[in-house]
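To keep things clear, I will list the structure first and then write my remarks on it.
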């Protein structure tokens, strides 16, 4: 009888794991939500990438934004970077890396998060 209950329990866990992994998309790491907000009077073109994901080109109008979410990699080696064009100007920046995530965790207040 006890053996049968254990088998049913493990069958339940195995069958519900896909549902749980969808509902809780970052079970072992932190989920981050990132937004790029433009304060430029002309359109800002951005291309955002990581080692695993290419989010493509996006045109952000004045006071517009582009947002995305991701799960931090186990071990904390997540990097998202972006290329930015406005007019004839160009800039590339790391948007998220280990150093940035450490500062965001330590400085969660209105003075440091904007």
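In our numbering, the protein residues as written are 405 to 518.
Built from N, CA and C at the ideal position, the CB exists for glycine as well.
These numbers come from a predicted model, not from an experiment.
Judged by DSSP in its simplified three-state form, residue 469 adopts strand. Per the DSSP secondary-structure output, residue 463 pairs in a beta bridge with 449.
The beta-bridge partner set that DSSP reports for residue 475 consists of 435.
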